[in-house]
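Residue numbers (my numbering), protein chains in the order written: chain A, 161 to 513; chain B, 183 to 647.
Heads up, the thing below is written out as structure tokens.
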């Protein structure tokens, strides 16, 4: 692999990890909220407060804003890395693809409605399900776009067919991986938030059990979908993941899943050292995301013929401005940290983490 | 040459430029609102913490909530939407912009992050923060928002005035181009104007507040409108630095562009006069209906400005680098030799509707070379524009396209492709009959070749970059 390609891949991967963390919070959070609000609607007698749902409702609008903002950088580097296939998939999906913008705007406002107190009541399940559907539609569209961008032999026929969507089992399998894979990240982030609010005793054992069940179910079902997706790969794809790099990524990912699973057991059973186990879970979650992205990009590079775009990457790397980016990255990272510090200074019970 | 072929979508009767112009207007309006709102919020925070205005604190709360609900949602998503729409309209244009300026965009992203974090920190925690911390967060937010304008302005103004970039290919030669500063300053004043007018709407919704307090807030918010006095000078500066041919489209050379210019200038003048004479000079109170109307006018002026910016680039999407139909000027001669759609792998979606191969070829040529700015029989439809021309008029006018209409790129195909396009337009004009016997065209190909030769491959006016 050429150095320019590797350079952009690392930047893409690093920024994508940040996006995925927030995206998982939004996808997992809206799914959780939809289920929780439905359960609450059907159990009319139960009006016990649900700290997990409350926390999610409170933070989901910010998380969606953060996910969109964090998504700008990987979207930028994606265009540098895979200009032609990405643009072609965009164009082929046309209305279907462009719909994610208005749909996500609707989803965003539904999240704000869910956050507003006057909106509590019988319409809440409708809003929660609506928000989840908007976010899920966006996720499914991205998955479809990605899979279609890899399927170059199909482009011309797909264009001629003028199909509104790219129906393939692999799309739904991949989406299943992302959807259920978002739950462990969501559970972890909520756990950190509840832990940070422990002065109000919000991170009680029943909540830990719920989060553990959510995370473990997410891990298990996403693993099942990943296995199904592997069966949908063509011969070239299968041979790619059976290389040393592919096996390494899968083994590291599997190890991270085991660590997560056992970490949640400890979180459930321990009352001390919760922060330490949450830190372990955080590390394992990040490792799993990195492994998944590595595998994904390995498959993509193979689908595009390995060195198809190396010349374009080298040309892109030759343009100026990198120094300014690094300068502003460092400066603004410090200013972001300062902003967060100011916000925490205001908090009555800052996370003790 | 390496002409990339992308699948091209048909937008029906809607001109593609209207789609990106419409979304662009919404995005620019909300994004500029976000920039101006930061400045306004800093001002009001200063008023509140220095005791100059008791009502300012109440206003800050309501205004910031409005900012979050409008700019943080619609502004952010239409920003991403602009990228996606740009891909739909001209993948090659946005691809070139990203390739050449991706580090500028990446730097802008770091400011987005600061904008969102400092903004949400203020939104969530302002009530519990000291004045000093509130002011700090607002300064950070405003700096980030304005810097994002600073950075994107360099890329957008480069499209029209690339400066020395075509020769040097140095990113800063392109970024700090001749229209950079007038455009940036004009947009900054526009941002303050939008924020001020939006503030007038928000203040009118604070119905729990006594009328006198609201009046005071309106006058404070309107003080930002005083910078509108700079707009004529900045506009003239901008007009002076843009290429002479672009200037000529706006000042009479193109009826549509001239009307956009007149309407935009007229609306801006109206807002400016009302602001300076009524709000600032006469200390008038503006009610919610008038404030909303002024915002709508500002939205219209923003739209006009965006259409002027888009239209004045013609015949380029990136001056001297890429024509509006995504063809590189240096490739025209090659495409005239080998054909513009000879290697286009994407079939016609409605191939069965054309009676013969010549019409199918014409449809492909239309799709590749014309459909980015024209529809067939909708807005700016070619069937209407060429409907009264004789066959030979069509042949000659299209062959000498950059002479017929100087804001058009040269025709970039073979004589056979041009003839196919002419036949296809004539067939469309005839109501798309099921069978089509092309009218006799003795010597047409040789006449077209001669006209193409005579027209040359260069744009009619030398680039004045």
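By construction, the Cβ of each residue, glycine as well, lies at the ideal position given by its N, Cα and C atoms.
Sheet register partners of residue i (DSSP bridge)
i              : result
residue 569(B) : DSSP lists no partner for residue 569(B).
residue 563(B) : 557(B)
residue 505(B) : 498(B)
Whether residue i touches residue j by CB criterion (8 Å)
i              : j              : result
residue 233(A) : residue 175(A) : yes
residue 244(A) : residue 186(B) : yes
residue 548(B) : residue 603(B) : yes
residue 310(A) : residue 294(A) : no
residue 594(B) : residue 554(B) : no
residue 727(B) : residue 356(B) : Residue 727(B) lies beyond the residue range present for chain B, which begins at 183 and ends at 647; the question has no answer from this structure.
residue 353(B) : residue 282(B) : yes
residue 221(B) : residue 387(B) : no
residue 172(A) : residue 246(A) : no
residue 400(A) : residue 454(A) : no
residue 417(B) : residue 445(B) : no
residue 252(A) : residue 300(A) : no
residue 301(B) : residue 254(B) : yes
residue 378(B) : residue 407(B) : yes
residue 541(B) : residue 605(B) : yes
residue 403(A) : residue 420(A) : no
residue 599(B) : residue 521(B) : yes
residue 601(B) : residue 630(B) : yes
residue 243(B) : residue 230(B) : no
residue 219(B) : residue 503(A) : no
residue 483(B) : residue 450(B) : yes
residue 392(A) : residue 330(A) : yes
residue 256(A) : residue 324(A) : yes
residue 350(B) : residue 504(B) : no
Extent of the continuous alpha helix (DSSP H) to which residue i belongs
i              : result
residue 225(B) : 198–231
residue 389(B) : Element bounds for residue 389(B): n/a, residue is neither H nor E.
residue 501(A) : 482–506
residue 234(A) : 211–241
residue 491(B) : 470–493
residue 413(B) : 413–423
residue 282(B) : 258–307
residue 402(A) : Element bounds for residue 402(A): n/a, residue is neither H nor E.
residue 387(A) : 365–392
residue 608(B) : 597–611
residue 633(B) : 626–637
residue 431(B) : It is not in any alpha helix (DSSP H) - residue 431(B) carries neither H nor E in the DSSP assignment.
residue 244(B) : 238–252
residue 168(A) : 163–202
residue 525(B) : Run containing residue 525(B): none; DSSP gives neither H nor E here.
residue 442(B) : 437–455
residue 267(A) : 260–275
residue 539(B) : 539–547
residue 464(A) : That residue, residue 464(A), is in no alpha helix (DSSP H); it is neither H nor E in DSSP.
residue 583(B) : 583–586
Runs of alpha helix (DSSP H) lying entirely within the region 309–338 of chain A, each at least 4 residues, in chain order = 315–321
For the region 247–266 of chain A and the region 283–292 of chain B, state whether three or more C-beta atom pairs, one from each stretch, are separated by less than 8 Å.
-> no
Just checking, does the region 191–198 of chain B make contact with the region 251–261 of chain B on the three C-beta pairs under 8 Å criterion?
-> no
If you scan the region 324–409 of chain B from start to end, which runs of the alpha helix (DSSP H) of 4 or more residues do you find wholly inside it?
-> 347–350, 353–357, 362–387, 393–404
Is there contact between the region 209–219 of chain B and the region 369–376 of chain B, where contact requires at least three CB pairs shorter than 8 Å?
-> yes
Segment contact, 8 Å Cβ cut-off, at least three pairs: the region 208–227 of chain A with the region 181–191 of chain A | yes
Per the contact definition of three or more C-beta pairs closer than 8 Å, is the region 584–592 of chain B in contact with the region 490–506 of chain B?
-> yes
Count the CB pairs spanning the region 433–440 of chain A and the region 378–386 of chain A that are closer than 8 Å, and state whether there are at least three.
-> no
Evaluate contact between the region 627–641 of chain B and the region 510–525 of chain B, counting only Cβ atoms and requiring at least three cross-stretch pairs below 8 Å.
-> yes
Could you say if the region 522–541 of chain B and the region 610–629 of chain B meet the contact criterion of at least three C-beta pairs nearer than 8 Å?
-> yes
Tell me, please, whether the region 187–196 of chain A touches the region 345–353 of chain A by the rule of three or more beta-carbon pairs shorter than 8 Å.
-> yes
Check whether the region 473–489 of chain A touches the region 410–419 of chain A, counting contact only when three or more Cβ pairs, one atom from each stretch, lie closer than 8 Å.
-> no
Segment contact, 8 Å Cβ cut-off, at least three pairs: the region 331–349 of chain A with the region 364–378 of chain A | yes
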